[in-house]
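A short worksheet on the structure shown next.
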Amino acid sequence: MSRRLWLAGPLAAVATTGLAALSPGARDIAKEHLRALLFHAAWRPEPTGRHSVGFTTLTLDVGGADGRIAVDLWYPAEPAVPGWAGRLGRAEAAIARPTLARAQRDAAPLIGAGRAPVILFQPSWFSQRRESSYMLANLASHGFIVVAADDFVHYPGARGPDAAVRAVGLDYASDAAFRLSVDAAAARSRAAAGLGSSILDAVGADAAWGARADLSRVGILGFSFGGAVAADMARRDARVRAAINLDGSTFGETGQRGVERPYLALFSGGAFPSAGELSSPDPVIRLDAGLTLLESDRQVARADRPDQWCFVFEDATHLDFCDRLVMPPFSTLREPRALDRQRLWRAINAYVVAFFDHTLREDEPPLLRSAPLSGVRTVLEARALATSMAAVAG
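Rendered as structure tokens:
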């Protein structure tokens, strides 16, 4: 038995008895230290760009009864501070953010870089802004300023929808309940997109960052439900040049009509569910499979639109598009999964960087026009493979 698994039982016992006594913030940090210990051998990717990465938390006024909200900024920074100051900064990051991407907190922004393109990150349902830190740090190393926001349920005082809309999730209790929740999700996505636009306004108005952020070159990056928000922002905010949807469904008018701007969708390997999943007696499996297939079919129908791409990563699951690919969930201790995490992380992030280089810098990275990387298929290739496998099985 590995040392990691040998430690799992005692550490889990300590966690259940000790973590409950901590405040929510301290509890979250303690849980991440526990996860970092259990997965001490996990590979942590270094940024692939040439710039050092800075990290800071910014408070913005976006309006409303209590409209001051916190966002994180990941940005190209001056090289790391040598000596004790640099060591203390790295120690602070290791203590406060043990499983997140390493970055210099409050580092000086890169001098002489001019205004940088801006990418707004939208997280998954009810999640917070640090769930994809390695991807955001990587984008900053390539010269982008990344603004990461929480799901707006965490901003109760900001201008936006009422509490009922903020709390909407997909309801799998019945077919009728599911349809109603999908309609409500469309309203939630539109409202979150509106808050995203207010965040861009506030960044532009900020005394320090407004002079560094080029809001004429804005991209939106969203994971899961954040992908729906990214697509809605691309339809509704004229500043948005391009959007990336990381394994998310889209809703309402945006889902029906798509995005008339450069758009990249990256999907997990289950993009085309099996007939068994689509007819499952378990409503969660059946309804989720139907929603997944609907989104994949939409991307097939739009495959010939200019500057729109959709790729399927055969080995990926949904959570592989966030930091859980790098620092796995606790459940993987019991269910080890054979996966080349380094290859998959590099492939996903190569497409993300290439797309934003193309759309926000007008570069022409060959990756987008070339044959897909190993383990990656275009959505048309993925559909053809799923069709042939279904014919063989039938």
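Each residue of the sequence shown is one higher than the one before, starting from 0 at the first, in numbering that gives the first Met the number 0. Heads up, the beta-carbon is just placed ideally off N, CA and C, and yes, glycines get one too.
Taking DSSP's pairing of strands, which residues face S51 in a bridge? A76
Beta carbon of F312 nearer than 8 Å to that of G374: yes
If you draw a straight line from the C-alpha of S188 to the C-alpha of P75, how long is it? 30 Å
List the whole-angstrom C-beta distance separating P404 from G53, where the pair is believed to meet the contact cut-off of C-beta under 8 Å. With the chain covering only 0 through 393, there is no way to say anything about residue 404.
Kindly identify the DSSP beta-bridge partner or partners of F120. A147 and L220
Rounded straight-line distance, which links the Cα of R376 to that of P280: 30 Å
Among L72, A102, R304 and L214, which one has its Cα closest to the Cα of D149? L72
Does the distance from the CB of V325 to the CB of R340 come in under 8 Å? yes
At which residues does the alpha helix (DSSP H) containing F250 begin and terminate? First-last for F250: undefined, no H or E at that position.
Nearest residue (CA-CA) to S267, options A302, H317 and D322: H317
Per DSSP, the bridge partner or partners of N244: G221 and A264
Distance check for L379 and M232, CA to CA, integer angstroms please. 26 Å
Please report the straight-line C-alpha distance between F50 and L135, rounded to a whole angstrom. In the sequence as displayed, the identity of residue 50 is His instead of Phe. Each residue's Cα considered, the two are about 13 Å apart.
If G62 sits next to S196, beta carbons under 8 Å apart, how far is it from one beta carbon to the other, in whole angstroms? About 11 Å; that fails the 8 Å criterion.
Cβ-based neighbour list, S273, same chain, cut-off 6 Å, excluding 5 preceding and 5 following: none
Between the segment 235-243 and the segment 209-223, do at least 3 Cβ pairs fall closer than 8 Å? yes
Cβ separation of G193 and V202, assumed to be a contact under 8 Å, to the nearest whole Å: Their Cβ separation, rounded to whole angstroms, is 15 Å, which puts G193 and V202 out of contact at 8 Å.
Contiguous beta strand (DSSP E) assignments of at least 3 residues, all confined to the segment 281-345: 307-312
Could you say which of S248, A212, A204 and D205 lies nearest to G221 if we only look at CA atoms? S248
Between which two residues does the beta strand (DSSP E) carrying R211 extend? First-last for R211: undefined, no H or E at that position.
Taking the alpha helix (DSSP H) that T386 falls in, what are its first and last residues? V378 to A392
Report all residues from its chain with a CB closer than 8 Å to the CB of P371; omit the five preceding and five following residues, and keep chain order. F310, T377 and E380
Buried or exposed for G225, going by 16 or more other Cβ atoms inside 10 Å? buried
Of the listed residues R285, V258, L245 and P365, nearest to S123 (C-alpha basis): L245
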